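These protein sequences, in sequence, are chains A and B.
Each residue of the first sequence is one higher than the last, beginning at 1 in our numbering.
Each residue of the second sequence is one higher than the last, beginning at 251 in our numbering.
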Amino acid sequence: MLKIKKLNVAVNGQAILKGINLSVNAGEVHAIMGPNGSGKSTLSKVLAGHPAYEVQSGAVTYQGDDLLPLPPEKRAQAGIFLSFQYPVEIPGVTNINFLKAAVNSVRKGQGIKPLDAIDFLSFIREKCKLLDMDESFLYRSINEGFSGGEKKRNEILQLLALEPHLAILDETDSGLDIDALQVIARGINSMRASTRAIILVTHYQRLLDYIEPDFVHVLVNGQIVRSGDKTLAHELEKKGYGWLLESEQL
Amino acid sequence: MAKDRDQLDSFLAQDYQHGFVTDIESDTFEPGLNEDIIRRLSAIKGEPEFLLAWRLKAFEHWKTLEEPRWSTVHFPAIDYQALSYYAAPKNKKEGPKSLDEVDPELLKTYAKLGIPLREQELLAGVAVDAVFDSVSVATTFKAKLAEVGIIFCSFSEAVREHPELVRQYLGTVVPYRDNFFATLNSAVFSDGSFVYIPKGVRCPMELSTYFRINAASTGQFERTLIIADVGSYVSYLEGCTAPMRDENQLHAAVVELIALDDAQIKYSTVQNWYPGDKNGKGGIYNFVTKRGACRGKNSKISWTQIETGSAITWKYPSVILQGDHSVGEFYSVALTNHYQQADTGTKMIHLGKNTHSTIISKGISAGQSQNSYRGLVRIAPTATNARNYTQCDSMLMGHESSANTFPYIEVKNPTAQLEHEATTSKISEEQLFYCQQRGLDLEDAVSMIVNGFCKQVLKELPMEFAVEATKLLGLSLEGSVG
């Protein structure tokens, strides 16, 4: 589904990603771990098409096509979803209007009939239920006055509503208490499917206790220094990132 | 500056040439402003003596005034002697013969706003047969309004049919000495609208929705007078949401509202006159004096304005809160793009006891435009327990636009309570990216964020107006981001 080859990315002229190679197939869950400043969020944003990140070299194909020339909205319409580490507030725009506009833009992009207001309401109510979200959430302005946990939950609601082919979840677990983490993990697990790939970007092993990854990659200083299965995450938890850094230098 | 002046002069001179060379109509005045012109104007309209006397007093006073220069807007000097002060009825022969001759950009905008074809022809000034549906529609509605005693007609008609009402109220809110442009208007106003709602009547429809075309050709010195008698209610919509073809560069209109005891007037404007091109060339100067008087107890006047057009917008719809317990409201969105300038706001003059006012102003500046809120809240010594809430929010788009806020507050009564909030924000790359990541294209994203920003004001508009205004805000910003 997604193939990244020798990807080099800079922000304001400073190299952040240095030769990333990664292959993600449908049905797989990949975890990308790494210390602060290793380039995890940069990778997420580049895949989603953020304009501030310059791709200097390398290639990314998504479902066989070159992804990099596409503007962000075309990528979203092609089924790429990014759950933001820091979701922005948009005052005056209600969640429900935004969600409906988003869902219908993606449907339109994929040539599916848009949902009308009534169908959409029953569709989105169901998703709210799965995430233990009160319906009143739908009528609040996007993320305005939301707590950290509520913002993250709202991101997962959007994930459920947009039903993407490739979901990239950037630090979805940060700032969550254990109950909220379980709810969010339940939402994400409900999206696991043979046709869908998920990339979890995280600091900690904690999230992976609830969402079991098929592959774990460790990103350090803009490079993937180690890949393995879920046991790699456990090892990291025990030994810390320092262990890998040292072994790199050997 | 000198070059700008030449442009304006030649623009005005053009009018002049047309008057002489193409078609010498007996009822188009030669350019120039003097007492004789005003007498002729008044005579053609068959006005009573009191009105002519009023015009002449205004003209005498105007001669002593100078064009005001205190606002932040910049414009070349206007040669008032180069204008023609009477041109009626509009010469249809000079307009486009069909929609095929109209600027395709304009037509694209109409299509996006969903304006019916027939109305498009009217807005674009296509020379259609004079006997046609909007006239008959107007007549039908007029009859319906007359049943409940409502008078809704052109100002000239009101002068002929109801001179006593005109005489009683004209100039009582905006006196002829008020300011340079209002004084000029008082001397030379050509036509406008007149509304009278009798005691206890709730006007059964939004006035002017169906008449917007008729009002379009009333020219550059428009005069509107609305009187809501005791216990009555009226909602009046001014202007239209589609850009109007208009050759007049200077618009100096006056609007006066009068609400008696327990009466309510809701006045909504969507102004989208030609703003000039992307380089700041051309466009309307909209210098308007709008004021309402809450003359009776428990009366209420509410101004809602969406200003997206004109090269320069300079106006302060105000309320004089005279009656005890009266309420004044001002809800405004002013959006400027390219080289547009807007200096707009309100004045809330509290005179009566327990008077309340609310000001919500949203300014959006894009391109190289300049957008200022200027407002005055005055609490007179007599206004015990007066309250005001003011909120001014500015949104900047791009790096070259500017926003200013000039709140003036004068409090002469210690029981007054005033609140003032102001914010300035920038439409951020992160907000746009967030929306785009969810599948919205850039235009939809901008439109959604801007409409969210303006929500408090948009919800004050009558429903069908709000829908068009929402679309309009998005359209006016096309190409301003990215």
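Backbone N, C-alpha and C fix where the C-beta goes; we use that ideal spot for every residue, glycine too.
Source: prediction; values computed, not measured.
Could you check where the alpha helix (DSSP H) with R417 of chain B kicks off and where it finishes?
P413 to Y419
Quick one: residues in its chain with C-beta nearer than 8 Å to the C-beta of P248 of chain B, no 5 flanking neighbours on either side, listed in chain order?
Given a span of 251 to 732 for chain B in the structure shown, any question on residue 248 of chain B remains unanswerable.
Can the beta-carbon of Q687 of chain B be found less than 8 Å from the beta-carbon of I699 of chain B?
no
For I20 of chain A and V29 of chain A, what's the separation of their Cα atoms in angstroms?
18 Å
Within 8 Å (strictly less), CB to CB, does G92 of chain A reach chain B?
yes
Evaluate Q77 of chain A with the Cβ neighbour count: other Cβ atoms within 10 Å of its Cβ, from every protein chain shown; 16 or more gives buried, anything less gives exposed.
buried
Under 8 Å from the C-beta of S105 of chain A: neighbouring residues of chain B:
R688, G689, L690, D691 and D694
Please check if any C-beta of chain C sits within less than 8 Å of the C-beta of I476 of chain B.
Checking the listed chains, one finds no chain C in this structure; the protein chains it contains are A and B.
Taking C-beta pairs closer than 7 Å, name the residues in chain A that Y335 of chain B reaches, listed in chain order.
Within chain A, no residue comes near Y335 of chain B; the closest Cβ sits about 45 Å away, beyond 7 Å.
Coil, strand or helix - Y581 of chain B by DSSP
strand
What's the C-alpha gap between S675 of chain B and G702 of chain B?
13 Å
Quick one: does A264 of chain A have its CB under 8 Å from some CB of chain B?
Outside the shown range of chain A (1 to 250) lies residue 264 of chain A, about which nothing can therefore be said.
Verify whether the separation of the beta carbon atoms of G145 of chain A and A180 of chain A is less than 8 Å.
no
Going by C-alpha to C-alpha distance, which of B:W553, B:N621, B:A719 and B:G526 sits closest to S733 of chain B?
Nothing about residue 733 of chain B can be read from this structure; chain B reaches only from 251 to 732.
Strictly by DSSP, which residues pair up with T94 of chain A?
A:S141
P69 of chain A: contacting residues in chain B (beta-carbon distance under 7 Å)
Per Cβ cutoff of 7 Å: no residues; P69 of chain A is ~15 Å from chain B at best.
Where does E316 of chain B land, buried or exposed, given buried means 16+ other C-beta within 10 angstroms?
exposed
I'd like to know whether the C-beta of M713 of chain B is nearer than 8 Å to at least one C-beta of chain A.
no
Along chain A, in chain order, which residues have C-beta atoms closer than 9 Å to that of Y581 of chain B?
Within 9 Å Cβ-Cβ: nothing; Y581 of chain B doesn't reach chain A, min ~14 Å.
Among the candidates A:G187, A:V220 and A:Q56, whose CA atom is the shortest distance from the CA of V207 of chain A?
Reading the sequence as shown, one finds Leu at residue 207 of chain A and not Val. It is A:G187.
Among B:A408, B:A393 and B:L283, which residue has its Cα nearest to the Cα of K295 of chain B?
B:A408
Taking the CB atoms as reference points, tell me whether A437 of chain B and F300 of chain B lie closer together than 8 Å.
no
Using the beta-carbon of each residue, which ones in chain B are nearer than 8 Å to V88 of chain A?
S678, E680, Q681 and Y684
Could you check whether the stretch 70-87 of chain A touches the stretch 645-663 of chain B, counting it as contact only if at least three pairs of C-beta atoms, one from each stretch, sit closer than 8 Å?
no
Kindly identify the DSSP beta-bridge partner or partners of E680 of chain B.
DSSP lists no partner for E680 of chain B.
Contacts around G526 of chain B, its chain only, beta-carbon distance under 6 Å, and the 5 residues preceding and following it disregarded
G532, G533 and A561
Taking 8 Å as the cut-off, decide whether the C-beta atoms of N48 of chain A and L22 of chain A are in contact.
Checking the sequence shown, residue 48 of chain A turns out to be Ala, not Asn. Their beta carbons are not under 8 Å apart, which means A48 of chain A does not touch L22 of chain A by this criterion.
Close-in-space but distant-in-sequence residues of the same chain around S726 of chain B (CB under 7 Å, 5 per side omitted):
T558, L585 and N587
Helix or strand or just coil, what does DSSP make of V696 of chain B?
helix
Leaving out five residues on either side along the sequence, give the residues of the same chain with a beta carbon under 7 Å from the beta carbon of L395 of chain B.
F402
Just the Cα atoms here: how many angstroms apart are V230 of chain A and R153 of chain A?
The identity of residue 230 of chain A in the sequence shown is Lys, whereas the question assumes Val. Roughly 25 Å separates the two Cα atoms.
Would I112 of chain A be called buried (16 or more neighbouring beta carbons within 10 Å of its own) or exposed?
exposed
Does DSSP classify A393 of chain B as helix, strand or coil?
helix
Partners in chain B for P51 of chain A, counting only beta-carbon separations shorter than 8 Å:
E679 and F683
From D286 of chain B to L415 of chain B, what distance separates their C-alpha atoms?
27 Å
Return the first residue and the last residue of the beta strand (DSSP E) that R637 of chain B is part of.
R637 to L646
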